[in-house]
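Protein chains in written order, with my numbering: chain R, 1 to 426; chain L, 1001 to 1426.
Positions of the beta carbon are idealized from the N, C-alpha and C atoms, including for glycine.
This structure is a prediction, so every number in the text was calculated from the model and none was measured.
Encoded as structure tokens, the structure appears first; notes follow it.
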């Protein structure tokens, strides 16, 4: 390992986190829940002070010429602080999963074998701009009995420092180790390089941010990474289907919000249902200013729409995550062709079939190789809150360990426990 | 990626495996079980022919001067072939886990959310000498609906080729894709380098073999690795305990077989129970020729034993995986000190407490950070068969994805399934 200016600092963070993680793993659920409720109270009582710190970040960002959407993400409104506080309380109210034993069964030898859920140890989180992620990550870490090292973006450093102090205060006041949540105090890239290559101290890295950040971290990390690259989500409108439902879902999946990763980017339509469905959804999209990039047959069916809202799709369009008022549209012969197209072009995030056919629903659920596969629901439901996980530390588009929205269980591991009466192997 | 002589070959293997994996994921459980039973029948009817191929490997190995234990591992006895056939039949008889849906629950929005178990896709297995691993890996791959690429050691190439042909015959005759199990036909190291860096085609690498092989693969792989390095397993004899049971388990854990990774390498004894226990187990070990490497206090208590069977341990002894008739012995104050020592020195494989104290058992189970943690049972039980997994593709000492013995479930992933009635996000 190269010795860089921050080598010692990163090692110290790691060593402290490892020590704290052993104490967190021993801590009772009740104690961890006390910390979460204390943190909620501190967030509320410090709301004004937090906004003053946040204003310093905002001012600096404005001077640096940050774009309006970035400024929005950076802003800690009273509402955002209250949401954070409520999130902590919700987590505190959730059942504890640490220590639960699953599937304890007697084996022929006489031993009983099961699996106990335990914290994964130490995770590192690397994220950009949004300071509320500090509270989300810290609270999930506390609930799951882990220690974490948080490295936020430089734009939000003042807000993050203020929030991290509150977390550490809540930890200390409730008798848990202060180092269970550490915020990295420097924000250069080099320290990230250290954090992701300390397998002795960090068990898992979770990057949240742009694609280039995540690609760089995946490439360079020597510990496991829970990564989420694109969200190229599909809505497939099957034959037979409830046309009204298809319009409602295809509209919501695309237009309810354009920027989230679980927004739809591509619409597939069964050829036989397209004449009845496409002109109607086309009108909805056109009215909302959504540009449609179509295959020739779809373009034909949309020819009644005004000029400019439709154009011919290129091959690249089938792979694109627009995060914008644009959608690609393609006709397919049947559910089989839809599945083939999705498995080839989707980013394995979230894909939906709208259908009335039970067999089609079953085959779609089984064969679409994505983290979330849905029947008759909007792609926009793909997140930890809607799935009942209580909170979400990220969405994994990998298949290993955690897939889809990652909540508390994704931050745990199952170890085998064996209960015997002196059995020996013969 | 560097273009090496085997680049095209590796890519072809990968492409074929990826195609086969999609077909395997669609295949019904009944069909996969037919394949496994057919394979069992083929193994039995080809037993003589297999031994002729195996004899060629053995002859070559003898000429190359391979050590006797290596030759033993290489040998396909009629008994070994029958065990492989029985293993296939046992897997066929096990319930199918592919497609099962776990925890389907209604959420406040109206959608129902659960998780479906699906094959992980394609795994690569890199292993040494023992040809029966070919059948173990192939049968687990078929049962779990995956495709696999198997790369065995050069010593066993003739045996592996013959076994792989039987597997492919069983696949073809039961209508599954022949390429669902592919044996790499060249055995140089360079091809391994290709296999472990094809994330588009290979989802997971499982190395089985010496520590240097596994370290190299972990370092160089760009896909997840299920790895198993050392098995430095501990037996901790607590106070109070059943001394007779403690002797039986400590004896079995160390001496039932010296070479497996789940054999005990270190004995910890509560100081207060040591005078009653240590001389007795010392006599057992001495009679079996087990060398004891002791801390000064333990050495003192064993002074009655004949010269040469005990010596002072060095610091390095606490970390050693001997795989030989040697054991390290240390006295500790209590269960807390035992846990601290284990978490510092163990390889996180398998550790055991012998106790009558319920509280001590609970704290040991909870706090020892190992893949398998046992109360009153021999470390030697730590394997997939004894745990009821039906078979085992390896033992993971990592915490991520699969921990401990890895059976069918370790080769699967859980994707979210969402069942709606046209719900949209508001």
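Residues that residue i bridges to, as DSSP identifies them
i	result
residue 1150 of chain L	L:1125, L:1183
residue 236 of chain R	R:268, R:353
residue 404 of chain R	R:396
Opening and closing residue of the beta strand (DSSP E) in which residue i lies
i	result
residue 78 of chain R	It is not in any beta strand (DSSP E) - residue 78 of chain R instead sits in the alpha helix (DSSP H) that spans 78-93.
residue 1372 of chain L	1372-1377
residue 1421 of chain L	1412-1423
residue 9 of chain R	Segment 7-26 is the alpha helix (DSSP H) holding residue 9 of chain R; no beta strand (DSSP E) there.
residue 1118 of chain L	1112-1119
residue 1103 of chain L	1101-1106
Whole-angstrom C-beta distance between residue j and residue i, which should lie under 8 Å
i	j	result
residue 456 of chain R	residue 29 of chain R	Since the first residue of chain R shown is 1 and the last is 426, residue 456 of chain R is not available in this structure.
residue 1434 of chain L	residue 401 of chain R	Outside the modelled stretch of chain L, which goes from 1001 to 1426, sits residue 1434 of chain L, for which no answer is possible.
residue 1277 of chain L	residue 1226 of chain L	Not confirmed; about 37 Å, so no contact.
residue 247 of chain R	residue 292 of chain R	With 8 Å as the limit, residue 247 of chain R and residue 292 of chain R do not qualify as a contact, their Cβ atoms being about 14 Å apart.
residue 24 of chain R	residue 177 of chain R	7 Å
residue 237 of chain R	residue 273 of chain R	6 Å
residue 1012 of chain L	residue 1190 of chain L	The Cβ separation is near 15 Å, so there is no contact.
residue 373 of chain R	residue 351 of chain R	6 Å
residue 1349 of chain L	residue 1230 of chain L	7 Å
residue 1056 of chain L	residue 1158 of chain L	5 Å
residue 1355 of chain L	residue 1241 of chain L	5 Å
residue 1195 of chain L	residue 1149 of chain L	6 Å
residue 1032 of chain L	residue 1414 of chain L	At roughly 19 Å, the Cβ-Cβ gap does not stay under 8 Å, so residue 1032 of chain L and residue 1414 of chain L are not in contact.
residue 445 of chain R	residue 306 of chain R	Look at the range of chain R in this structure, 1 to 426, and you will see that residue 445 of chain R is not part of it.
Residue range of the alpha helix (DSSP H) that includes residue i
i	result
residue 1140 of chain L	1132-1143
residue 248 of chain R	243-255
residue 1168 of chain L	1157-1173
Within chain A, the residues that residue i reaches when beta carbons sit closer than 7 Å
i	result
residue 1421 of chain L	Checking the listed chains, one finds no chain A in this structure; the protein chains it contains are R and L.
To test your reading of the DSSP string, which unbroken alpha helix (DSSP H) runs of 4 or more residues are found completely within the region 182-230 of chain R? 189-195, 211-220
What are the start and end residues of each continuous beta strand (DSSP E) run of 3 or more residues lying completely inside the region 1277-1359 of chain L, in chain order? 1291-1294, 1310-1312, 1326-1332, 1350-1354
Residues, ordered as in the chain, of the region 170-194 of chain R that lie near chain L by beta-carbon distance below 7 Å: none
Ordered list of alpha helix (DSSP H) runs contained in the region 32-85 of chain R, each at least 4 residues: List check, alpha helix (DSSP H) in window: 47-63, 68-74.
Under 7 Å (Cβ pairs) to chain R, residues found in the region 1340-1373 of chain L: 1365, 1366, 1367, 1370, 1371, 1372, 1373
Could you list the residues in the region 1234-1247 of chain L with a C-beta less than 9 Å from some C-beta on chain R, going in chain order? 1242, 1244, 1245, 1246
Any residues in the region 394-418 of chain R with a beta carbon nearer than 7 Å to a beta carbon of chain L? Which ones, in chain order? 399, 400, 401, 403, 404, 413, 414, 415, 416, 417, 418
Check each residue of the region 1288-1321 of chain L: if its Cβ is closer than 9 Å to any Cβ of chain R, include it; give the result in chain order. none
Mind listing which residues of the region 1102-1119 of chain L have their C-beta closer than 7 Å to chain R's C-betas, in chain order? 1105, 1107, 1109, 1111, 1113, 1116
Chain R contacts made by the region 1205-1222 of chain L, where a contact means CB separation under 7 Å: none
Residues of the region 375-387 of chain R with a CB closer than 7 Å to any CB of chain L: list them in chain order, please. Answer in chain order: 375, 376, 377, 378, 380, 381, 386, 387.
Any residues in the region 21-34 of chain R with a beta carbon nearer than 8 Å to a beta carbon of chain L? Which ones, in chain order? 22, 25, 26
Anything in the region 143-155 of chain R with a Cβ closer than 7 Å to a Cβ of chain L? List those residues in chain order, please. Here the close residues number zero.
Of all the residues that make up the region 1322-1336 of chain L, which are near chain R by a beta-carbon distance shorter than 8 Å? none
Going along the chain, which residues of the region 1039-1061 of chain L sit with their C-beta nearer than 8 Å to a C-beta in chain R? none
May I ask you to list, following chain order, the residues of the region 246-264 of chain R that have a beta carbon less than 7 Å from some beta carbon of chain L? Only 248, 249, 252, 256 from the region 246-264 of chain R bring a Cβ to less than 7 Å from some Cβ of chain L.
Tell me which residues of the region 1088-1100 of chain L have at least one Cβ-Cβ distance to chain R shorter than 8 Å, keeping chain order. 1099
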